[in-house]
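J.: The structure's right below; bear with me while I get my questions together.
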Amino acid sequence: MNDFKSALAPFPPGYPRGLPGNRRQVPILHRDADFLLRALQPDDFVRTSRYENANREHLAPWEPLRDPGYFSVDNARARTLLQVASMDEGEALLLLLLDPDDGEVLGRCSYTNIVRGVFQACHLGFSLAAAAQGRGLMARALRVANRYCFEQLGLHRIMASHLPRNARSERLLESLGFEREGYARAYLKIAGVWEDHVLRALVDAPR
Numbered sequence: 034m035n036d037f038k039s040a041l042a043p044f045p046p047g048y049p050r051g052l053p054g055n056r057r058q059v060p061i062l063h064r065d066a067d068f069l070l071r072a073l074q075p076d077d078f079v080r081t082s083r084y085e086n087a088n089r090e091h092l093a094p095w096e097p098l099r100d101p102g103y104f105s106v107d108n109a110r111a112r113t114l115l116q117v118a119s120m121d122e123g124e125a126l127l128l129l130l131l132d133p134d135d136g137e138v139l140g141r142c143s144y145t146n147i148v149r150g151v152f153q154a155c156h157l158g159f160s161l162a163a164a165a166q167g168r169g170l171m172a173r174a175l176r177v178a179n180r181y182c183f184e185q186l187g188l189h190r191i192m193a194s195h196l197p198r199n200a201r202s203e204r205l206l207e208s209l210g211f212e213r214e215g216y217a218r219a220y221l222k223i224a225g226v227w228e229d230h231v232l233r234a235l236v237d238a239p240r
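Quick note: the sequence shown uses this note's numbering, first residue 34, plus one each step.
Below is the structure:
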């Protein structure tokens, strides 16, 4: 069951278009027997810290080097508050994929660096727990979330990048319609090394 349409109801009448944050009720974008997709909340720092620690080795090859202090609960709390604030400012939409039974984090997808004006674009990042791989969860979550960004946040372009050797991310993005737009040399410092990245984008149909 896809709760995308019903998830829009929690926004009160007149709620400003383009502001993802909502203190009174966080929209649930999707709920079924496999996962729940909803926006990050201030009290999520404990579960996100567990996710980061449980998947530390799994995610390390694809992420920046992390100081040991990054994995503390206190650090997770501070980062979560900053992330929620960025949603309240309309600068990001940060979503969690949760296990519907125990509420543990299965994955995350982040739409950051939202720019308005004539650009109406953002950057997409995502990660999935090692134990949740191979079930198609991220593809399903991103289909819902991408549509939400276009139809409810009014964005026009979602940009994403991946390491050339990251075949799984490449297949996922291609399956979602992200077209290759370029190749950036030494684009991001991943695992301590400046790495080339393939640049992709998903563009909304003209309205």
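Ideal Cβ positions, reconstructed from N, Cα and C, are used throughout, including at glycine.
Values in this document were obtained by computation on a predicted structure and should not be read as measured data.
(1) Thinking just about the alpha-carbon of each residue, which of PRO197, GLU203, PHE211, SER202 is nearest to the one in ALA219?
(2) Would you check if there are 3 or more beta carbon pairs closer than 8 Å linking the region 130 to 150 to the region 96 to 104?
(3) Closest to GLU214 by CA distance: which of ALA234, VAL226, LEU205, SER208 is it?
(4) By the 10 Å Cβ neighbour count, where 16 or more other Cβ atoms means buried, how is ARG80 classified, buried or exposed?
(5) Mind checking which residues open and close the alpha helix (DSSP H) that includes HIS91?
(6) Please list, in chain order, all residues of the same chain as TRP227 whose beta carbon is under 6 Å from its beta carbon, the five residues on each side excluded.
(7) Buried or exposed: ARG89, going by 16 or more other Cβ atoms within 10 Å of its Cβ?
(8) Just to confirm my understanding: we take HIS230, look at its own chain, exclude 5 residues before and 5 after, and list those with CB closer than 7 Å. What are they?
(9) Can you name the start and end residues of the beta strand (DSSP E) that ASN146 belongs to?
(10) Quick one: Cα of LEU127 to Cα of GLY169, how far?
(11) What are the complete beta strand (DSSP E) segments, minimum 3 residues, inside the region 121 to 205?
(12) When we look at the beta-carbon of GLU124 and count the other beta-carbons within 10 Å, is it buried (16 or more) or exposed?
(13) Would you call the CB atoms of LEU139 and ALA118 closer than 9 Å?
(14) Taking Cβ to Cβ, would you say ALA109 is nearer than 9 Å to GLU85?
(15) Using DSSP's beta-bridge definition, name the partner residues of GLY215.
(16) Name the one or two DSSP bridge partners that TRP227 has.
(17) Rounded to a whole number of angstroms, what is the C-alpha to C-alpha distance between ASN179 and PRO239?
T.: By the coordinates alone:
(1) The residue you call residue 219 lines up with position 186 of the sequence shown. Nearest neighbour of ALA219 by Cα position, chosen from PRO197, GLU203, PHE211, SER202, turns out to be PRO197.
(2) Verdict: no, contact absent.
(3) Here the question's residue 214 lines up with position 181 in the sequence shown. Of ALA234, VAL226, LEU205, SER208, the residue nearest in Cα terms is ALA234.
(4) Looking up residue 80 in the sequence shown gives position 47. ARG80 should be labelled buried.
(5) Here residue 91 refers to the residue found at position 58 of the sequence shown. 89 to 92 is the extent of the alpha helix (DSSP H) around HIS91.
(6) For the purposes of this step, residue 227 is taken as the residue at position 194 of the sequence shown. Closer than 6 Å at Cβ, skipping near neighbours: ALA219.
(7) On the sequence shown, residue 89 is found 56 positions in, with the first residue counted as 1. Residue environment: ARG89 is assigned as exposed (fewer than 16 neighbouring CB atoms within 10 Å of its CB, all protein chains considered).
(8) Counting from 1 along the sequence shown, the entry for residue 230 is found at position 197. Result list for HIS230: SER194, HIS195, LEU196, ALA217, TYR220, LEU221, in chain order.
(9) Reading the sequence shown from its first residue, position 113 is the one you call residue 146. That run of the beta strand (DSSP E) goes 138 to 148.
(10) Working through the sequence shown from its first residue, we reach residue 127 at position 94. Working through the sequence shown from its first residue, we reach residue 169 at position 136. Each residue's Cα considered, the two are about 20 Å apart.
(11) As far as the region 121 to 205 is concerned, its whole beta strand (DSSP E) runs of at least 3 residues are 126 to 131, 138 to 148, 154 to 161, 190 to 195.
(12) Position 91 of the sequence shown holds residue 124. Label assigned to GLU124: buried.
(13) If you number the sequence shown from 1, residue 139 lands on position 106. If you number the sequence shown from 1, residue 118 lands on position 85. The answer is no: Cβ separation not under 9 Å.
(14) Locating residue 109 in the sequence shown gives position 76, counting from the first residue. Locating residue 85 in the sequence shown gives position 52, counting from the first residue. Yes, the Cβ-Cβ distance between ALA109 and GLU85 is below 9 Å.
(15) As a working mapping, residue 215 is identified with position 182 in the sequence shown. DSSP lists LEU232 as partners of GLY215.
(16) As a first step, residue 227 must be located in the sequence shown, where it is residue number 194. According to DSSP, which records beta bridges pairwise, TRP227 is partnered with LYS222.
(17) Residue numbering aside, residue 179 sits at position 146 when the sequence shown is read from its first letter. Residue numbering aside, residue 239 sits at position 206 when the sequence shown is read from its first letter. So the alpha carbons of these two residues sit roughly 15 Å apart.
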